[in-house]
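Notes follow once the structure below has been shown.
2 protein chains.
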Amino acid sequence: MTLNKTTEYALTILGFMATRNENMYSAEYLHNQLNIPRRYLRRLLTDMSKHGFLKSTSGRNGGFVFDRDLKEISLAMIINTIEGSDAIFTCILGFSCCIVDKPCIMHDSWMEARSKMVDTLSNTTLADLKEKYQLDLIRNLKLL
Amino acid sequence: MTLNKTTEYALTILGFMATRNENMYSAEYLHNQLNIPRRYLRRLLTDMSKHGFLKSTSGRNGGFVFDRDLKEISLAMIINTIEGSDAIFTCILGFSCCIVDKPCIMHDSWMEARSKMVDTLSNTTLADLKEKYQLDLIRNLKLL
DNA sequence: TGTAAATACTACAAAAAGGTAGTAATATAT
DNA sequence: ATATATTACTACCTTTTTGTAGTATTTACA
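Same order as they appear, the protein sequences are chains A and B.
Going letter by letter, the first sequence gives residues 1 to 144 in our numbering.
Going letter by letter, the second sequence gives residues 145 to 288 in our numbering.
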């Protein structure tokens, strides 16, 4: 019922990067900000570069930036990419095969629950998060 | 983004038992019907007895039956019980602590997605599954 | 051109989840 | 009573996930 750690990290990292305005994020900097284990974080960043979310620059002053428009990256995409194919969309209970009868017993209730979630995750992009974050900032300033 | 295997098994077992009309289910029988590893299945059944979902009878002709009204067992309860406390209800991303700023960036979108799912899972009981299953049976008979 | 700051790659270690084995305990049937 | 069918307990093995280590490579800057 939970995302695995790696996916959680991925969302944290991309969510963080999407809402700040640096023009480059080094692994070291992200490690300090997000408290994700150094080496693991690095591997994940490299991974996300390979998957086309990020673009890496090696060498001094290097780091990572987005390689795609924030509007093009939904939460569902991140989860599916990191967690393996179609983590969200398949019948995770495996109910289509685990019980002799078909259709499986819980299939319908599960699919109903699931599809509600998928809708939200598919319709929320990093751009949405950024917008929300900045509105929140403004709102807080006004309250001061 | 998936339930773990153990929870999946638990749902499968309880779903199966809820929709049949045997008065006793032995581990061996359930193993044959559901293809869940023998020993693991047994341990899980014992576990579910300890958690009050089932009642066990030892010895020859023994087995497991429900120890509670089917109306009192929701899918959400099963998941939470097997998967550890509040698997469904807590902020699984850990976003309240993983980013220096609070509230966490994805908290809102995640909670929206999640609460939709929780609603369905909390409102569906094993009794509902049973009813649905039997209606389906009747419907299929009519089609023959 | 050498040094420092960064990513990239590969292999391994530790922890958690999933699964198995052996044996004890319990209850029924004959 | 004894054999058999069942659950209960404990320890261990396997696989997957998470995390670490060492070393190579790339690049900017003094």
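Glycine included, C-beta positions come from ideal geometry on N, C-alpha and C.
The structure presented is a predicted model; accordingly, all values stated were derived computationally and were not measured.
8 Å CB neighbourhood of residue i in its chain, flanking five on each side removed
i: A/T125; result: L70, K71, E72, I73, S74, L75
i: B/K260; result: none
i: A/G62; result: M24, S26, S56
C-alpha gap between residue i and residue j, whole angstroms
i: B/R186; j: B/A171; result: 6 Å
i: B/N224; j: B/M255; result: 17 Å
i: A/D136; j: A/K130; result: 10 Å
i: B/H175; j: B/M161; result: 12 Å
i: B/T150; j: B/E227; result: 8 Å
i: B/Y184; j: B/Y173; result: 14 Å
i: A/L54; j: B/M221; result: 40 Å
i: B/L237; j: B/A271; result: Because B/L237 carries a pLDDT of 46, less than 50, the predicted location of this residue cannot be relied on, and no value is offered for it.
i: A/Q33; j: A/H107; result: 41 Å
i: B/R258; j: A/N21; result: 29 Å
i: B/K276; j: B/L287; result: 17 Å
i: A/S109; j: B/N267; result: 10 Å
i: A/T12; j: A/L141; result: 24 Å
Nearest residue (CA-CA) to residue i, options the options
i: B/I180; options: B/E152, B/E275, B/D280; result: B/E152
i: B/D191; options: B/A154, B/L273, B/H251, B/T163; result: B/A154
i: A/I105; options: B/S266, B/T150, B/L158, B/N148; result: B/L158
i: A/T19; options: A/Q134, A/T81, A/L30; result: A/Q134
i: A/G59; options: A/M24, A/H107, A/R39, A/Y40; result: A/M24
i: B/L147; options: B/R182, B/L265, B/L198, B/E166; result: B/L265
Any C-beta of chain A under 8 Å from that of residue i
i: B/D252; result: yes
i: B/R160; result: Residue 160 of chain B is actually Phe in this sequence, not Arg. By this cut-off, B/F160 is an interface position.
i: B/K286; result: no
i: B/R258; result: yes
i: B/T264; result: yes
i: B/I243; result: Reliability of the predicted coordinates at B/I243 is poor, the pLDDT of 43 falling under 50, and no value is obtained from them.
i: B/S240; result: A caution first: B/S240 carries a pLDDT of 40, below 50, which makes its placement in the model unreliable, though a value can still be read off. Chain A contact via Cβ: absent.
Residue i at chain B interface by Cβ criterion, 8 Å
i: A/G52; result: no
i: A/T124; result: yes
i: A/T19; result: yes
i: A/L11; result: yes
i: A/C91; result: Residue placement at A/C91 cannot be trusted, given a pLDDT of 46 that sits under 50; the coordinates are not used to answer.
Proximal chain B residues relative to residue i, where beta-carbon distance stays under 9 Å
i: A/K132; result: I249, D252, S253
i: A/E28; result: The contacting residues do not exist; A/E28 stays about 16 Å from chain B at best.
6 Å Cβ shell around residue i - same chain, five flanking residues per side excluded
i: A/S56; result: S49, F64
i: A/R38; result: H31
i: B/L189; result: A171, F208
i: A/R139; result: none
Residues near residue i by beta carbon distance below 7 Å, same chain, minus five either side
i: B/G196; result: D211, R212
8 Å Cβ cut-off: residues of chain A touching residue i
i: B/M261; result: A113, R114, K116, M117
Near the ligand PLP: residue i beta-carbon under 7 Å from a heavy atom
i: B/Y169; result: The model depicted lacks the ligand PLP and carries no ligand whatsoever.
Listed by chain order, chain A residues near residue i by CB distance under 7 Å
i: B/L189; result: The contacting residues do not exist; B/L189 stays about 16 Å from chain A at best.
Interface partners of residue i on chain B, CB under 8 Å
i: A/L129; result: I249, M250, S253
Neighbouring residues, chain A, relative to residue i (Cβ below 9 Å)
i: B/L219; result: M106, S109, W110, A113
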